[in-house]
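Take a look at the structure set out below.
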Amino acid sequence: MNNNHDEFELYDLRVEVVSCRSGMHMVCNHKVGDYFELSGENLTLPPKQSFPLYPLAALLPLLPAKQRLTHPNDWMTTDTDIACPDPNCGAIFRIKRVRKRSFKHNETTRVPLLLPAL
0 MNNNHDEFEL
10 YDLRVEVVSC
20 RSGMHMVCNH
30 KVGDYFELSG
40 ENLTLPPKQS
50 FPLYPLAALL
60 PLLPAKQRLT
70 HPNDWMTTDT
80 DIACPDPNCG
90 AIFRIKRVRK
100 RSFKHNETTR
110 VPLLLPAL
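Sequential numbering from 0 applies to the sequence shown in numbering that gives the first Met the number 0.
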């Protein structure tokens with residue numbers, strides 16, 4: 000099946016280190032301006048930049064929800080800043096919706112799409 004009825008949209012995301020909480024220092028090797036991007040299921044980093052595992056692990060559960068369309072009053076729509084999970088690290092990460100991208104169900108899974116009869 001390859002038609003427009005199997006399309007859905009997700010946001011591409013950019014997750015960036017935007018600041019450090021007052022009076023704190025960053026413990027991990029991230030610095031203000033570091034970022035990664037997520038498009039569909041693909042995470043990319045700029046050349047020669049790394050991203051620490053523990054903050055990434057804390058951010059990952061939020062990303063699929065941020066990729067999806069949400070109600071304007073939902074906190075997932077309005078809240079963008081996330082603190083580093085290390086209590087000794089002051090980093091603040093911002094999850095920004097960059098653009099919408101269309102995907103096809105049959106290109107993202109092998110499970111058949113059962114459309115309701117018209």
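Quick reminder that beta carbons are idealized off the backbone N, C-alpha and C, glycines included. Every value quoted in this text rests on a predicted model; they were computed, and no experiment measured them.
Asked	Found
Would you report the Cα separation of VAL26 and GLN48, rounded to the nearest angstrom?	17 Å
Does the ligand SAH have a heavy atom nearer than 6 Å to the CB of VAL14?	For the structure depicted, the ligand SAH is absent and the ligand set is empty, with no information on it obtainable.
Tell me whether HIS70 is buried or exposed, calling it buried when 16 or more other Cβ atoms sit within 10 Å of its Cβ.	exposed
Going by DSSP in three states, THR43 sits in which element: helix, strand or coil?	strand
Report the residue from ARG20, GLU8, GLU15, SER21 whose alpha carbon sits nearest the alpha carbon of PRO118.	Because the chain is modelled from 0 through 117, residue 118 falls outside the range shown and cannot be assessed.
Can you tell me which of the three DSSP states ASP80 falls into?	strand
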